[in-house]
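Please read the structure below before turning to the comments.
Protein chains in written order, with UniProt numbering: chain L, 1 to 266; chain F, 1 to 261.
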């Protein structure tokens, strides 16, 4: 039992640490709905993974990236308002995923685990995926931090100064897709976005610089994982939702009490 | 003759059959200040965006000198309030910036004290100067300024124009400025280009105001112009808190004989 908890904790902390900084970008660029759409489509990725017998994480990443590319193309055509487009895609993808899963009757899928996450069920291989994917995401974030931030602050200025804005935008989508794939085991497709945006929004209250906000988001996410896991163990509540409730509680706490921002100019 | 940085060769842009710009010819040389004027919707911003590579021309071409390096100052800056950002961090985002240049550049523009301020709390005039600093940090030989004095009061406009001129003199860079206000720009500018889809007229400031095409767009100067320029004879400048700065020991006895505030 203790072994299980420790593994869950290690996995959860890895996901929270990565989801934090990326969540900051999702908040800054108002991509929350976009993240939701990608996350909802992840279930379809699971179904297709089973169907074609390929690695589930890989199937999710491929599907998320594919969907992100389709989204960008459709957005450029201005056929319909972006939020409407996202709404259509998010729920069609989720429904399509649920329908596809129902066809897989010879394979037993714990649907609840995919929708809401089951941290206590993660395997050693999952932990490797989380840390492998997590390190890749952090390494890319650190390497491309400046162009990513420059594009987020002002795309036109960034473009005039010679940043490859289109490529950077694509990179950010790829990173979001990667995080969704690794975070799915922890909180499930319906709650992934919350693990990205709630810690980041909480961190906003405490930060003066983008780097501060990204690091605090990681830290707050880790607190939420610890708290959620403890609550789940103590009261036998579902782990994923417990983590999100804990994150929401920290958010309320940060915005209720007048915390001083960390002063540091350097 | 100084080298030509940019030549617009018969630039035309149209969208869905609607002509935004037609047959635009103009050029900007090193050390030259060119002011682009025209009424709202005349295609000024579209022309600038084409130069910046943010939009493609439908016809014609823009010939850029191989050494061309643009410093761009956008009309305004919107940064999402969820993004905490100090002026210093904003300026550090310039591609390949030398971070040691950030503070000296701010000081040159008279806003060194804003280094640690959040970009969200800046006033209109302060934001313009921060944006100008960002354009300068790109080490340009052509400054492109889109309505640089928008939302700045008349005194501030005069200061900003003086600043731009001194930058031009120091760097010997070309300056392309968009404005919908001819009168205050005129004093410093070398060439005025008046466009309304096509080039209505261009030339020195005096030449343009006398041109029938300009008068048809903006009216005859002096005839139905309600705004006159009043030259304050200030012998002092104000510091950031509004106090009067003077190297004169008799700081408060500034000249009130000609200006009645």
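Backbone N, C-alpha and C define an ideal beta-carbon position, used for all residues, glycine too.
These numbers come from a predicted model, not from an experiment.
Asked	Found
Helix, strand or coil: which one does DSSP assign to residue 159/L?	helix
As a quick exercise: from 104/L, 179/L and 119/L, pick the residue whose alpha carbon is nearest that of residue 236/L.	119/L
With a Cβ-Cβ cutoff of 8 Å, do residue 218/L and residue 35/L count as a contact?	no
Please report the straight-line C-alpha distance between residue 232/F and residue 110/F, rounded to a whole angstrom.	Its pLDDT being 41, under 50, residue 232/F is placed unreliably in this model, and the value from its coordinates should be taken loosely. Their Cα atoms are separated by approximately 21 Å.
Drop a sphere of 10 angstroms on the beta-carbon of residue 225/F, count the other beta-carbons inside from all chains shown, and report buried for 16 or more, exposed for fewer.	Since pLDDT at residue 225/F reaches only 40, below the 50 mark, its modelled position is unreliable, and no value is offered.
What's the C-alpha gap between residue 221/L and residue 126/F?	36 Å
Taking just the CA atoms, how far does residue 194/F sit from residue 200/F?	6 Å
I'd like to check one pair, residue 39/L with residue 180/L: are the Cβ atoms closer than 8 Å?	yes
Assign residue 210/L to one of two classes, buried (16 or more other C-beta atoms within 10 Å of its C-beta) or exposed (fewer than that).	buried
Could you check whether the region 197-217 of chain L touches the region 60-79 of chain L, counting it as contact only if at least three pairs of C-beta atoms, one from each stretch, sit closer than 8 Å?	no
What does residue 61/F pair with, by DSSP beta-bridge criteria?	9/F
For chain L, is any of its Cβ atoms less than 8 Å away from the one on residue 74/F?	yes
State the DSSP-derived secondary structure class of residue 18/F, mapped to helix, strand or coil.	strand
Our contact map puts residue 196/L next to residue 68/L with C-beta atoms below 8 Å; I'd like the distance itself, whole angstroms only.	Not really, about 15 Å apart at Cβ, beyond 8 Å.
In the region 162-178 of chain L, which residues sit with their C-beta less than 8 Å from some C-beta in chain F, listed in chain order?	162 and 163
Taking only the alpha-carbon atoms, compute the straight-line gap between residue 7/L and residue 16/L and give it to the nearest angstrom.	14 Å
Kindly indicate if chain L contains any beta-carbon less than 8 Å away from that of residue 191/F.	no
Within the chosen definition, does the region 36-56 of chain F reach the region 101-117 of chain F through at least 3 CB pairs nearer than 8 Å?	no
Please list the terminal residues of the continuous alpha helix (DSSP H) segment that includes residue 66/L.	56-77
Determine which residues of the region 211-229 of chain L have a Cβ less than 8 Å from any Cβ of chain F, and write them out in chain order.	212 and 213
Roughly how many angstroms separate the alpha carbons of residue 2/L and residue 24/L, rounded to a whole number?	33 Å
Going by DSSP, what residues sit across from residue 178/F in a beta bridge?	36/F and 146/F
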